[in-house]
Structure formats: structure tokens, C-alpha cells
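Line by line, the protein sequences are chains A and B. Be aware that the first sequence starts at 1, since it is given in my numbering, and climbs by one per residue. Be aware that the second sequence starts at 1001, since it is given in my numbering, and climbs by one per residue. Below is one structure, written out as C-alpha cells; comments come after it.
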Amino acid sequence: MSLLEVTDLRIRYARQGRLKAALRRESHDFEAVCGVSFKLEPGQTLGLVGESGSGKSTIARTLIGLKKSSGGSIRFDGAEISDASSGDWARLRREMSMMWQDPVGSLSPRLTVKSLVTEPLRINGLAAGRAEAERLLGLVGLPAEFAARYPHQLSGGQARRVGVARALALDPKLLIADEPTAGLDMSVQGEVLNLLAEVQARSGVAIVIITHNLNLVRHVTDQMAIMYLGRFVEQGPTEQVFAHPRHPYTKALLAANPEPDPEARQERVALSGEVPNPVNRPSGCDFHPRCPWARGACAAREPGWTEEDDRGHRCLFPL
Amino acid sequence: MAPSAATHRAEETPQTADPLVSIEGLSVDFDTPRGTIHALRDISLEVPKGKVLGLVGESGCGKSTLAYSMIGLLAENAKVAGGAIRMSGQDLAHLGPKAWRDLRGRRISMIFQDPMTSLNPVTTIGKQMIDIQYREPGSRAEKRARAIEFLEQVQLPDAAAKLDVYPHQLSGGMRQRVCIAMALLTRPDLLIADEPTTALDATLEMQIVTLLRELQEKFGCSVLFVSHHLGTVAELCDEVAVMYAGEVVERGAVREVFHTPRHPYTQALFDCDPARFRQATRQLPTIPGTLPDLRQPPAGCAFRARCTKAFARCAAEHPPLYTAGPGQVARCHLNDPAEDAA
């Protein structure tokens, strides 16, 4: 049994200008995530990759119960959680935790590091004394004297470590990390990722990493899924996807990731245009207006999900 | 990886004669309640004419301070403690407000990191683009036509209609294109781009980098491209300067610096970039330690405490910029010919 099993997940958002939409007899909401399915085993890491607006953070918010889904199922540890009550969530949030995107902004500026890392314990009525704070700081490689500091006295990397300590305080089964390295310097990025890998090796926590940084996905995830406009366009074992992308968008994303080598300036898969608005989806394949390989059929027919061994893609003419 | 892939790039060595801007021993201090921060120390750098100079380094290294000092936008508590920034006979480091008004936005212009906050949210794109031409002669209609021409230059579809929209109606990529159009409108000699793609998605980032390259070649201006993203610097720049703790630690042609870095910090920075590894690895390299306190910069080499190759001389003697290759200099004693002899 998988730790997390998401099937055909759908999430809708209300759109702006609802009165205008009503007058035009248009729908008052739109689907930000449409039919996403994946599984995650204990001790494994899944990377959700996509550009802004692709719905990856929306999935994270729904997994942790901050946004209601409009369809599909989310099974966590064998139980359906998409319709969990707030009472259920109080228990569930002990077993899954979230690392927020902004390392400093997600820490209250008025609390000391000691209060911040032990807050999850306090909320759940567990011992939250000095010993626990020191244990948690030790876990993330921060010296004990940091307990007395305030967030503004921390560097970005240190604040991120405090975030990791908070997320691990209750020894969760699932950790959701939204852009864990955003805003961090290159030399510090590695520290945070190594820390996550180390924690995972020790505790067997399953991790969902949400990011737009493909370099990061390659090194820290077992499975990856590429999102475009609220759908998975490709999913599979990370190594295989990197070695041989099947969907043109995956290929374009990989090419948009310039190597630090001036000799490698080359012909790229240049994508023209920008991501369309999910309120107004293109006909057929979502990606066809930007796809360099698009053919006539792509505008007419919506590609379905094609499973191939342990990976899959959503393209009529895969590469 | 054939060398021919890069043949469109100039072959001359960097720091050629007749640079557009030459920074000579520039030092900038910030007065803070907790002491004076020596943010830039003895920076010597030349911005070559008609080329793209990349400025690379991690947060707190002073790259933005350097960029801001070149357009006279340093904060109130900053003061130039020494040195000069020379551009066609003027010293930009000691320029009065009036002289700056003649220069800024005309001969030197800037693109900022976040295109939303650098555009005025309550006026249309057209009004903003006409307003910034207040010094130029010509009628309103001519200025409007010029605005449309530049929006077309940055490949904004349906340029004329874009004049009537407000910034929030454009996507992030389009807004940054508008900012580039506004920066180039006065045909500046120097364009400063401070992390112009950081707020953009990966596929847009490449579009903007390609656009900057095309426009730079078309207009022939010099570009100072500030970035922490090594991949985009490799893609766009002719020359590069690497900064650490308020100093330039290495500079040279992009190809030389990226292939044979001569400063241990440059090497470590490249090693940390996960894009360098073709093979997946679970243990990523890092640079242990933190930046030195810039209120009391260390006596010897600023990178010494984090450097794996440090030796006795590094603690005692502050390294000068040694010649490390054709047109390449590095602030590390390992490049001192005397060290080889020893």
C-alpha cells in the first residue's frame, strides 16, 4: 500500500469578475488542477515540476488540507482524506507537514528559534522544553545557542534549517517542501538538499518537492512529474525522464536550463509565447500553441494519458 | 561542444583599450547603527565598449551595490570611501544630483529584478513610455510612435494596443519586455541589468536572455549583467567578474573563467551548481562557512576561512589581482609566479 495515493484529483478556483461571467453565462470558476494521479511510497521523493500557474502549489495546499478538492480522491496511509473534517485534520497534520516557500517569511518575527521549533509540539500537547528544542536544532545541524535568536538574526540558509526542524518536529510520515531552495545561494542550496536527504535516510519520511528548478529535481527525487496548465504532461522515474523526455514541454524545460558552459551555447528548443490562462484553455492539447512539433491533430484532439511501463505522458506524437 | 558554436563571439582578450567605463579602486561604505560596513573594497573593473560584462556572486557579495553605484542610486547611508568610476571624462562616483539627472536614464539606464515594482501601477504603459522621453525634442505623437517602435523591438505582440494597458494586465515576461524597451528608448551607452530574469519562469528566462543578446548586438551598447545564475551568464556574457565579500576575486573572458577558474572561490561556486553534474547525486557539494563580517574585513584573503587551498601566506597578506592567463586576473596567491618557484 502506498503512503499517498492521489487519483484523478481536481481542484477549482473561483475566477475574478464573476458578475461579468454570469451575465455572459460563463462558468464562475475554473479548474486549476484537472485530473492528476500519482502514488508515493514511504522513503521516496517525488518532484512536482512546472512553471508558475501550473497548479503545483495548489496540489500541495490541497494535500495538506488548506484547499478543498472538487473531485477525485486522496488516500493517505490507507484512509481517504479529501473529505476529512477539521477534527481529522488536527490528527493528520501531525503525520504530514509542510515547508513553506519563503524561509524567513514563514517564521514569526516575534518568536525565538526555540519557540518556533517547539511550536508544533506545544500545539499537540507534547513536552516542548529546552531539551526538545536542542534535539531538533541538532537534527538540522544548528548549534544549541541559536535557540535564543530571532528570525531576523538568521541567514536564509539558517532560517530554512529552522523551517526543516519545525516540519520534522512531530516526526511526520510525509513532508511537502514548496520550493525548498528558492531564494538561497547556490552554496547553501546543497546544504538544505543534503539535509533533506539525510533526514529521509534516517527516518524514512516520504517527500514531495515542488519546484521549477530541474537541476534540483535531478539530484534529489526518485520520481518526477511535469505539470503544464494543471495537468501532468509527463511522469516517471527521474533518471529516465531526464535521459529521454517524451513530451515536447519536458524537452523544452530541460533545454531552458542553460549549463554554465559558454561552449554549450547551442540551438535550443525555443518556446515562443507564454503559458495560456487556465480560464481559457486552448483547444486540443494545452501545449500546442507553443509546441515546436505541433501538427494539425494537436489543435483538434485532446491527448489522453499514455502509460508506458513505469512512466507516462500526455502527447499525441511523443518524442 | 564544437568550438564553432561560439564563433559569433569576439576573440579579443578582455580589458581592451578604450573601455566605456573604468572603475578604479572603488570603495563604498554603509553607515549602520551597528558600525560601518565596508561593502565594496578596492574594486577595479572595466566595462568594455559594446560588450556584455557579467557580474556574478552570492547574496551579500556587493554586486548590486556596485551596479547601483554606477547609476547613482546608492542608499542615503552609503558613501564612496575612495576610488573613481570614469566614463567619458566624468567621475560617476563623485557626481552631483544635477549631473546625475542628465546622465541617468539617458546615457546609463537600468532594468530591475522585479518588473512589477519598477513600473507605475496606476498609469498606462503608453503614458510611462512617453513621460520618460521628457528631455527629447518632438511632439507627443512622435514620442508615441517611438514608444511603439521600441515595444516592437522587444517583440511585444500588438505593440500599439499595449500602450493603453496598465502593468497588471501584462504577464511577468511582457512587463520585463516593457522595462527593457523603456531602458533602451534613449539609446543608452550603458545598460545595467540587475538580475532581470530572477522573477521569471525558466522558459521565459531564456526568451529574455536571447532578447537581451539580440538587442545588445543591434544597438551596440554595453551591458552590465548582474546575476547569480551561472548558466545565463555563460549564455549571454562576453566577460565576467566574480565577486566575493565586496571584492572582485576573478575576472576575464567568460570562456577562460568558466573553463579554467583561477580563484578557489570561483571553482567552488561552479562545483556547487547542480547543473554541472550529468550524473544524479544525492550528496551535493557546498561551500562550508559563511561570509566574513564586512564591518571588519579580514586582514589576509577574504575567502581564506572557507578555502580548501589556504596556506600561511593567505592569512598574512592580502592577495592582489595576479595575472592568471590571457586577459584573466585572480585575487589568489596561488597565481603568484613566486609560489610556483617555491
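Cβ atoms here follow ideal geometry from the backbone N, Cα and C, with glycine treated the same way. Every value quoted in this text rests on a predicted model; they were computed, and no experiment measured them.
Beta-bridge pairing of residue i - partner residues as DSSP gives them
{"i": "A:R48", "result": "Here residue 48 of chain A is Leu; the residue named in the question, Arg, does not match the sequence. For A:L48, which the question treats as bridged, DSSP gives the partners A:I210 and A:A225."}
{"i": "A:P237", "result": "A:Q223"}
{"i": "A:A79", "result": "A:F76"}
{"i": "B:Y1068", "result": "B:Y1068 is not bridged to any residue."}
{"i": "B:L1190", "result": "B:I1108 and B:S1222"}
{"i": "A:I11", "result": "A:V33"}
{"i": "A:K173", "result": "According to DSSP, A:K173 bridges with nothing at all."}
{"i": "A:M99", "result": "A:A177"}
{"i": "B:D1343", "result": "Residue coverage of chain B in this structure runs from 1001 to 1342, which leaves residue 1343 of chain B outside it and unanswerable."}
{"i": "A:E307", "result": "A:G312"}
{"i": "B:I1043", "result": "B:L1026"}
{"i": "B:D1201", "result": "B:D1201 pairs with nothing; no bridge assigned."}
{"i": "B:E1239", "result": "B:L1053 and B:A1253"}
{"i": "B:T1032", "result": "B:G1035"}
{"i": "A:R231", "result": "A:Y228"}
Nearest residue (CA-CA) to residue i, options the options
{"i": "B:S1022", "options": "B:D1029, B:P1033, B:M1070 and B:T1036", "result": "B:M1070"}
{"i": "B:E1152", "options": "B:A1081, B:T1286 and B:L1184", "result": "B:L1184"}
{"i": "B:I1192", "options": "B:G1231, B:M1110 and B:H1259", "result": "B:M1110"}
{"i": "B:I1180", "options": "B:L1294, B:I1125, B:C1314 and B:G1089", "result": "B:I1125"}
{"i": "A:G190", "options": "B:F1270, B:L1215 and B:T1117", "result": "B:F1270"}
{"i": "A:L196", "options": "A:R218, A:L184, A:T211 and A:L168", "result": "A:L168"}
{"i": "A:L63", "options": "A:C291, A:K39 and A:K20", "result": "A:K39"}
{"i": "B:A1324", "options": "B:D1031, B:I1085 and B:H1259", "result": "B:H1259"}
{"i": "B:K1051", "options": "B:L1334, B:Q1155, B:L1236 and B:A1330", "result": "B:L1236"}
{"i": "B:K1063", "options": "B:Q1328, B:Q1128 and B:H1229", "result": "B:H1229"}
{"i": "A:A300", "options": "A:T306, A:C315, A:E307 and A:E308", "result": "A:C315"}
{"i": "A:E259", "options": "B:Y1244, B:K1309 and B:A1202", "result": "B:A1202"}
{"i": "A:S203", "options": "A:P120, A:G183 and A:P172", "result": "A:P172"}
{"i": "B:T1308", "options": "B:P1298, B:C1332, B:A1316 and B:A1299", "result": "B:C1332"}
{"i": "B:L1073", "options": "B:T1198, B:L1055 and B:R1101", "result": "B:R1101"}
{"i": "A:V6", "options": "A:L19, A:F232 and A:E308", "result": "A:F232"}
{"i": "A:I209", "options": "A:P278, A:R122, A:Y150 and A:L48", "result": "A:L48"}
{"i": "B:Y1134", "options": "B:M1182, B:Q1176, B:T1065 and B:R1304", "result": "B:M1182"}
{"i": "B:P1167", "options": "B:E1239, B:L1119 and B:V1209", "result": "B:L1119"}
{"i": "B:L978", "options": "B:A1302, B:A1160 and B:A1338", "result": "In this structure chain B extends from 1001 to 1342, so residue 978 of chain B is not present and cannot be described."}
{"i": "A:G348", "options": "A:T58, A:F146 and A:V279", "result": "Residue 348 of chain A falls outside the range modelled here, since chain A spans only 1 to 319, and no answer is possible."}
{"i": "B:F1219", "options": "B:M1087, B:D1189 and B:T1198", "result": "B:D1189"}
{"i": "B:Q1155", "options": "B:R1304, B:R1177, B:G1138 and B:G1089", "result": "B:R1177"}
Beta-carbon spacing of residue i, residue j below 9 Å
{"i": "B:L1040", "j": "B:G1246", "result": "yes"}
{"i": "B:V1233", "j": "B:V1248", "result": "no"}
{"i": "B:L1212", "j": "B:V1223", "result": "yes"}
{"i": "A:Q200", "j": "A:G43", "result": "yes"}
{"i": "A:G35", "j": "A:D8", "result": "yes"}
{"i": "A:R166", "j": "A:T181", "result": "no"}
{"i": "A:G403", "j": "A:M227", "result": "Outside the displayed span of chain A (1 to 319) sits residue 403 of chain A, for which this structure offers no information."}
{"i": "A:L116", "j": "A:V162", "result": "yes"}
{"i": "B:L1294", "j": "B:H1038", "result": "yes"}
{"i": "A:E132", "j": "A:A144", "result": "no"}
{"i": "A:L174", "j": "A:S97", "result": "yes"}
{"i": "B:Y1265", "j": "B:R1306", "result": "yes"}
{"i": "B:L1026", "j": "B:G1083", "result": "yes"}
{"i": "B:E992", "j": "B:T1186", "result": "Absent from the model: residue 992 of chain B. The displayed extent of chain B is 1001 to 1342, so no value can be given."}
{"i": "A:V220", "j": "A:L254", "result": "no"}
{"i": "A:V113", "j": "A:R91", "result": "no"}
{"i": "A:C298", "j": "A:Y249", "result": "no"}
{"i": "A:M99", "j": "A:A177", "result": "yes"}
Expected contact under 8 Å - CB spacing of residue i and residue j to nearest Å
{"i": "A:E41", "j": "A:A252", "result": "That pair is no contact at about 30 Å."}
{"i": "B:T1036", "j": "B:D1029", "result": "5 Å"}
{"i": "B:P1115", "j": "B:G1172", "result": "6 Å"}
{"i": "A:L229", "j": "A:R295", "result": "Actually they are not in contact, since the Cβ atoms of A:L229 and A:R295 sit about 19 Å apart, beyond 8 Å."}
{"i": "A:P237", "j": "A:D310", "result": "6 Å"}
{"i": "B:F1112", "j": "B:D1164", "result": "That belief does not hold up - the Cβ atoms of B:F1112 and B:D1164 are roughly 24 Å apart, past 8 Å."}
{"i": "B:G1096", "j": "B:I1132", "result": "The Cβ separation is near 22 Å, so there is no contact."}
{"i": "B:D1018", "j": "B:K1049", "result": "6 Å"}
{"i": "B:E1214", "j": "B:V1329", "result": "Incorrect: roughly 30 Å between the Cβ atoms, too far for contact."}
{"i": "B:V1080", "j": "B:V1242", "result": "23 Å between Cβ atoms; not a contact."}
{"i": "B:P1298", "j": "B:L1284", "result": "Contact doesn't hold; Cβ gap of about 27 Å is too wide."}
{"i": "B:I1054", "j": "A:N257", "result": "In the sequence as presented, Ile is not what sits at residue 1054 of chain B; that position holds Gly. No, B:G1054 and A:N257 are not in contact; Cβ-Cβ is about 18 Å, not under 8 Å."}
{"i": "A:G53", "j": "A:V275", "result": "6 Å"}
{"i": "B:I1085", "j": "B:A1075", "result": "Not a contact, Cβ separation roughly 17 Å."}
The ligand FMN heavy atom lying under 8 Å from the CB of residue i
{"i": "A:E95", "result": "Only the bare structure without any ligand can be found here, which leaves the ligand FMN out of the picture."}
Next on the checklist: Would the stretch 64-77 of chain A count as touching the stretch 6-20 of chain A if we require 3 or more Cβ pairs under 8 Å?
Outcome noted: yes
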